[in-house]
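Here the structure is laid out as structure tokens; the discussion comes afterwards.
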Amino acid sequence: MPIIHTTITKNYIFMIWEIKEELEDLLKILKATAIELEEINKITHLDRKKQNISARIILNHLATKKVQLKYHENGSPYCSEFKNISISHSKNYCTVIQSDNLTGIDIQYRKKNIRNISVKFINSTDTQSWGKDISEHHLHLIWCIKEAIYKTLNKTCSLKENIFVTNPKKANYQNNKVNFFYNIQYEIINNYFLAIAIKI
874 MPIIHTTITK NYIFMIWEIK EELEDLLKIL KATAIELEEI NKITHLDRKK
924 QNISARIILN HLATKKVQLK YHENGSPYCS EFKNISISHS KNYCTVIQSD
974 NLTGIDIQYR KKNIRNISVK FINSTDTQSW GKDISEHHLH LIWCIKEAIY
1024 KTLNKTCSLK ENIFVTNPKK ANYQNNKVNF FYNIQYEIIN NYFLAIAIKI
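Counting from 874, one number per residue, gives the positions in the sequence shown under the numbering used here.
Structure (structure tokens):
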């Protein structure tokens, strides 16, 4: 499949690729270099391998030329062509965003057990803002927002203890030393929740 969704704003551009191709077809679309093949072949899980290739394809579309996806030691992605990129994938969707601002993106397919796993990321501040009986729709949204913020930090943290979502447009990360604030954008696309966190 080609790119199925593109959003362009003054602050960022992101694209979504729906992964329907076989591995060999994705590699042909990528026109993988020897260096890329070496990196891709280190990935043993087939679905993750396809997701990695899809992210590289999207990155080339964003740059309108062949570019290299690289990773910092902590695992966060970067590309010398852009000031900031973020990558996310869920099931058959892969998305990449590029921005001049510190920005994170996350995409999640709707989960039937979201309420059960919400204990891992919902805190008392969230329930004060959203109410004690948060809807499944909003649980997905909060989860996605927190994951998007996490991707801007380049370090480990607790989604439950360190990230707070005030409403669908505002959130913050806090520990005992810093307090970072974020503007949030979100979309719902074909049963997928997608959130973008832009550090203020």
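Quick reminder that beta carbons are idealized off the backbone N, C-alpha and C, glycines included. No experiment lies behind these values; they were computed from the predicted model shown.
Report the rounded CA-to-CA distance for residue i versus residue j, giving the unit in angstroms.
{"i": "threonine 879", "j": "tyrosine 1065", "result": "15 Å"}
{"i": "lysine 1024", "j": "alanine 936", "result": "21 Å"}
{"i": "glutamate 977", "j": "tyrosine 951", "result": "Here residue 977 is glycine; the residue named in the question, glutamate, does not match the sequence. If you take the alpha carbons of glycine 977 and tyrosine 951, they lie about 12 Å apart."}
{"i": "leucine 903", "j": "lysine 1005", "result": "47 Å"}
{"i": "leucine 932", "j": "lysine 938", "result": "9 Å"}
{"i": "lysine 956", "j": "leucine 900", "result": "26 Å"}
{"i": "asparagine 1045", "j": "leucine 1014", "result": "15 Å"}
{"i": "threonine 1029", "j": "leucine 896", "result": "32 Å"}
{"i": "isoleucine 916", "j": "glutamate 909", "result": "11 Å"}
{"i": "proline 1041", "j": "isoleucine 958", "result": "22 Å"}
{"i": "lysine 1050", "j": "lysine 1033", "result": "17 Å"}
{"i": "glutamate 1060", "j": "alanine 1068", "result": "7 Å"}
I want to see whether chain D comes within less than 8 Å of residue i, judged by CB atoms only; does it?
{"i": "isoleucine 892", "result": "Here chain D cannot be found, since the structure has a single protein chain."}
Decide if residue i is buried, meaning its Cβ has at least 16 other Cβ atoms within 10 Å, or exposed.
{"i": "threonine 906", "result": "exposed"}
{"i": "leucine 942", "result": "buried"}
{"i": "histidine 945", "result": "exposed"}
{"i": "arginine 921", "result": "exposed"}
{"i": "valine 969", "result": "buried"}
{"i": "histidine 918", "result": "exposed"}
{"i": "isoleucine 1073", "result": "exposed"}
{"i": "aspartate 999", "result": "buried"}
{"i": "serine 997", "result": "exposed"}
{"i": "isoleucine 1071", "result": "buried"}
{"i": "serine 1008", "result": "exposed"}
{"i": "phenylalanine 994", "result": "buried"}
{"i": "valine 1038", "result": "buried"}
{"i": "glutamine 1001", "result": "exposed"}
Please find out if some non-hydrogen atom of the ligand FMN comes closer than 7 Å to the beta-carbon of residue i.
{"i": "glutamate 946", "result": "This structure lacks the ligand FMN, and indeed carries no ligand of any kind."}
Can you tell me whether DSSP reads residue i as helix, strand or coil?
{"i": "histidine 945", "result": "coil"}
{"i": "lysine 939", "result": "coil"}
{"i": "serine 953", "result": "coil"}
{"i": "leucine 975", "result": "coil"}
{"i": "asparagine 1035", "result": "helix"}
{"i": "valine 992", "result": "helix"}
{"i": "serine 1008", "result": "coil"}
{"i": "lysine 1030", "result": "With the sequence shown as reference, residue 1030 is identified as cysteine, and lysine is not the correct amino acid for it. Looking at cysteine 1030 - three-state DSSP - the assignment turns out to be coil, as it is neither helix nor strand."}
{"i": "alanine 928", "result": "helix"}
{"i": "lysine 1072", "result": "strand"}
Whose C-beta lies closer than 6 Å to the C-beta of residue i among residues of the same chain, with five residues either side of it excluded?
{"i": "glutamate 1020", "result": "Asp979"}
{"i": "glutamine 981", "result": "Ser963, Cys1017 and Phe1066"}
{"i": "serine 991", "result": "Leu1012"}
{"i": "isoleucine 1036", "result": "Lys1019, Ile1022 and Tyr1046"}
Leaving out five residues before and five after residue i in sequence, what residues of the same chain have Cβ atoms less than 7 Å from its Cβ?
{"i": "serine 949", "result": "Asn1027"}
{"i": "isoleucine 926", "result": "Leu899, Leu900, Leu903 and Ile913"}
Leaving out five residues on either side along the sequence, give the residues of the same chain with a beta carbon under 8 Å from the beta carbon of residue i.
{"i": "histidine 934", "result": "Ile876 and Met888"}
* Asked: Any contact of the region 885-897 with the region 961-972, i.e. 3+ C-beta pairs under 8 Å?
  -> yes
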